[in-house]
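Contents: one structure, followed by commentary.
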Ligand SMILES: Cc1cc2nc3c(=O)[nH]c(=O)nc-3n(C[C@H](O)[C@H](O)[C@H](O)COP(=O)(O)OP(=O)(O)OC[C@H]3O[C@@H](n4cnc5c(N)ncnc54)[C@H](O)[C@@H]3O)c2cc1C
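Next comes the structure, spelled out in C-alpha cells:
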C-alpha cells in the first residue's frame, strides 16, 4: 500500500490509538492531509504510558505479542523505537521462571506510547480535543468539540474510538451505530506501583501470567516488572486485575484499589511490600468481545469510516488489522 495518490484531500481521524494512527500513517503515505483529534493528553489510547514521579510507566497493554506478519515486520523495522523484551516468566505458582526465546514480546522504548508517536509522523495532532459532533453538510463533514466549537470541515472522517465512545459519534450512520452499540467491552483495573525494593520472592521473575494453581493470585490476570523492559529504570511493577475482579470492584477509588491489590500481592508472595508511588487506572473498555468478520466500516457516499479493535477480533492485532483495512477501503474508493 505504498502508492502515493497525492490527493491533498483532508481527513479527520478521531482517536490516536493504534487503529486510528495505523490508518493515519497509511493515508499520510498516500498523500492525504490528515488531522488526528484525541481527547487525552497524548497518543496511545490503550497503548498509553504515564508519568510516575520521575519515571514513566505503561498503563495500557504492557507488551505486544502479535500473530500478524505485517505488524511483526513493522515492529522489527523500527529498532530505535521498538525492542524485544525477554522477561523471566512463570505462572502464579511463582516456580521455575524461564526466558522463553520462542515468544516474541515487543515494547516501545523508553515507553509504549513511543509506538503511536512514531505512527503519528506527518499528521497534524490535536490532543485534549474531544470530538462530539460529526455531521455532513454542504461544505464537507463538520466536526465540533464538546463545547460545540467548530473544529473544521473535512473531506473524509474516520472514527477510531472504542465501540461505546463511537456510538454518540455515529448519528449520521445509524446502521454503524447499531453495530457499535452491540459490542460488549470488558473492564480492567491496572495498578502501576513503584516499590521501595524488589520483593524477595520475585527476585528472578519479570512476568507472571497464566495458571493460578489452587486459586493463588486470582485477583490478577498479569503481574510484571515494568522496569525490566528495555530503556526503563527504577522498581516499577504493573498489576493488572482480572476481568472478574475489575467488574466486581469497578467503582472503588484508585486509592482503595491500590491497597486491595497490594494486600493481594503480599498474600501471594509472603513478602512485605512498601509502595512509594502509584497510579491506579480504571480501563472501562480494556478489550472487546469482538467479531472478526468485518475489519472496518466505510460509507463511501458519506465519506465516513470506522475502525478499531472491536471490528476485527479484538486486541492489538485487531486494532492494527482494522486501521490497515480502513485505509485500504478509503484508497480503493478514490
Ligand atoms: C491493560 C490492558 C491490557 C491489554 N492487554 C492486551 C493483550 O495482552 N493483548 C492484546 O492483543 N491486547 C491487549 N489490550 C487491548 C489493546 O490494547 C487494544 O485492543 C488496542 O490497543 C485498541 O486500539 P484502538 O486504536 O482500537 O483503541 P484505543 O487504543 O482505545 O484508541 C482509541 C482512542 O480514541 C480516543 N477517543 C475516544 N473517543 C474520542 C472522542 N470523542 N474524541 C477524541 N478522541 C476520542 C481515546 O481516548 C483513545 O485514545 C490491552 C488493553 C489494556 C488497557
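Numbering (the working numbering), first residue to last: 1 to 334.
The beta carbon of each residue, even a glycine, is placed where N, CA and C say it ideally should be.
Just so we're clear, the structure is a prediction, and the values are computed from it rather than from any experiment.
Residues near residue i by beta carbon distance below 7 Å, same chain, minus five either side
i	result
residue 81	108, 109, 114, 115 and 118
residue 130	39, 145 and 146
residue 180	163, 166, 167 and 170
residue 227	233, 234, 235 and 236
residue 140	153, 154 and 155
residue 255	none
residue 84	104, 105 and 106
Contacts around residue i, its chain only, beta-carbon distance under 6 Å, and the 5 residues preceding and following it disregarded
i	result
residue 221	240 and 242
residue 325	295 and 296
residue 86	99
residue 34	11, 24, 27, 28 and 123
residue 56	49 and 111
residue 133	144
residue 204	88 and 97
residue 210	91
residue 44	113 and 116
residue 264	219
residue 269	199 and 201
residue 223	208 and 239
residue 176	170, 297 and 306
residue 310	163, 183, 288 and 290
residue 72	66
Residue i Cβ short of 7 Å to ligand 1 heavy atom set
i	result
residue 319	yes
residue 283	yes
residue 254	no
residue 169	yes
residue 131	yes
residue 334	no
residue 247	no
residue 61	yes
residue 183	no
residue 107	no
residue 172	no
residue 9	no
residue 37	yes
residue 165	yes
residue 343	Nothing in the structure corresponds to residue 343, since the chain is present only between 1 and 334.
residue 14	yes
residue 188	yes
residue 162	yes
residue 67	no
residue 358	There is no way to answer for residue 358, as the model of the chain reaches only from 1 to 334.
residue 419	Missing from the structure shown is residue 419; the chain here goes from 1 to 334 and no further.
residue 152	no
residue 316	yes
residue 40	yes
residue 240	yes
residue 18	yes
Classification of residue i by the beta-carbon crowding that lies within 10 angstroms, buried from 16 upward
i	result
residue 174	exposed
residue 150	exposed
residue 246	buried
residue 206	buried
residue 266	exposed
residue 15	buried
residue 53	exposed
residue 250	exposed
residue 46	buried
residue 8	exposed
residue 74	buried
residue 334	exposed
Residue i - containing alpha helix (DSSP H), residue span
i	result
residue 245	243-248
residue 255	254-269
residue 150	Here residue 150 belongs to no alpha helix (DSSP H); instead the beta strand (DSSP E) covers 150-154.
residue 25	18-29
residue 315	315-332
residue 116	114-119
residue 165	163-166
Beta strand (DSSP E) segment containing residue i, residue limits
i	result
residue 140	140-145
residue 74	Segment 69-76 is the alpha helix (DSSP H) holding residue 74; no beta strand (DSSP E) there.
residue 179	Looking at the DSSP string, residue 179 is not in any beta strand (DSSP E); the run it does join, the alpha helix (DSSP H), is 174-181.
residue 58	55-58
residue 304	304-306
Other residues of its chain near residue i: CB distance less than 8 Å, five sequence neighbours each side excluded
i	result
residue 332	none
residue 301	none
residue 198	225 and 235
residue 128	38, 39, 40 and 41
residue 1	At residue 1, the pLDDT of 46 sits below 50, so the modelled position is not reliable; the number obtained from the coordinates is stated separately. Around residue 1: 26, 29, 30, 324, 327, 328 and 331.
Contact between the segment 182-192 and the segment 48-65 (3+ Cβ pairs under 8 Å): Yes: at least three Cβ pairs fall under 8 Å.
Take every Cβ of the segment 206-221, pair it with every Cβ of the segment 276-296, and state whether three or more of those distances are shorter than 8 Å. They do not touch, by the three-pair rule.
Evaluate the contact criterion for the segment 152-160 versus the segment 77-91: three or more CB pairs, one atom per stretch, below 8 Å. Verdict: no, contact absent.
Tell me, please, whether the segment 316-324 touches the segment 13-23 by the rule of three or more beta-carbon pairs shorter than 8 Å. The segment 316-324 vs the segment 13-23: in contact.
Is the segment 306-322 close to the segment 65-75, with three or more CB pairs under 8 Å? Flag = yes, the segment 306-322 and the segment 65-75 touch.
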